[in-house]
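All remarks here apply to the structure that follows.
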Ligand code: 13P
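Residue numbers (this note's numbering): 35 to 262.
See below:
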């Protein structure tokens with residue numbers, strides 16, 4: 035099965051999460067990114083889990099931050115880094131993104147680096163800049179997943195077409211091969227749901243990152259069925 039990553043963002047209350055954990059199919063290719071406070075509820079039921087962010091700091095005296103080591107220790111295996119909502123709203127900078135990647139790799143987490151263009155017109159310049167800023171001259175690790183999420187597709191109800199996903203993922207893989215001699219595992223995100231995922235799975239994407247559609251367990255089950 036192609037990977038299916040579920041980003042809950044800031045949604046769901048404890049009462050919703052308890053039912054969700056009970057009903058979610060257990061599959062190594064299905065990874066949930068809930069709010070950090072719920073991570074242990076997933077790990078205690080052996081559901082693969084990740085965090086939506088990680089601290090860029092190496093100092094522990096940092097109020098409200100959560101370190102990569104703490105995430106690993108609470109059972110998380112993955113972490114999203116540089117999601118567009120963090121880049122746009124919290125002005126997350128390239129130096130922070132790089133530190134987050136380094137901290138995650140050092141702690142044994144698999145980072146999922148989110149990249150995506152603002153618009154079709156700025157697509158290649160935006161992506162080149164984000165890749166260069168995150169990795170610099172050398173790749174931190176080959177164990178980093180790329181989540182390609184064009185900003186205009188997120189939450190719009192309008193996913194990219196299979197042809198466009200293929201074109202962009204092909205371009206990212208070729209660019210990274212040229213610069214870093216390595217072709218990453220790339221998942222697509224942006225309005226992926228239970229109605230379009232079967233068609234989208236015909237693309238070369240190695241998996242998908244769903245936001246809104248990840249909140250209802252019935253939709254999650256339909257997405258898994260479509261991918262099988
Ligand atoms: P939507 O699936 O709601 O468009 O969200 C995508 C996203 O941001 C996942 O990280």
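C-beta: ideal position from N, C-alpha, C; glycine also.
- Taking all protein chains shown into account, residue 94 has fewer than 16 neighbouring C-beta atoms within 10 Å of its C-beta and is therefore exposed.
- When the beta-carbon positions are compared, residue 85 and residue 133 stay at least 9 Å from each other.
- For residue 41, the secondary structure class from DSSP, reduced to helix, strand or coil, is strand.
- Contact between the stretch 174-192 and the stretch 237-255 is present, with at least three C-beta pairs closer than 8 Å.
- The shortest CA-to-CA distance from residue 39 to any of 202, 262, 181 is the one to 181.
- Its chain contains 179, 240 as the residues whose beta carbon lies nearer than 6 Å to that of residue 219, once the 5 sequence neighbours on both sides are disregarded; these appear in chain order.
- The three-state secondary structure of residue 209, taken from DSSP, is helix.
- The distance from the Cβ of residue 102 to that of residue 88 is about 5 Å, consistent with a contact at the 8 Å cut-off.
- The three-state reading of DSSP puts residue 248 in helix, counting H, G and I together.
- Between residue 183 and residue 222, the CB-CB gap stays under 9 Å.
- Distances from the CB of residue 183 to the heavy atoms of the ligand 13P include at least one below 8 Å.
- Under the three-state reduction of DSSP, residue 65 is assigned to strand.
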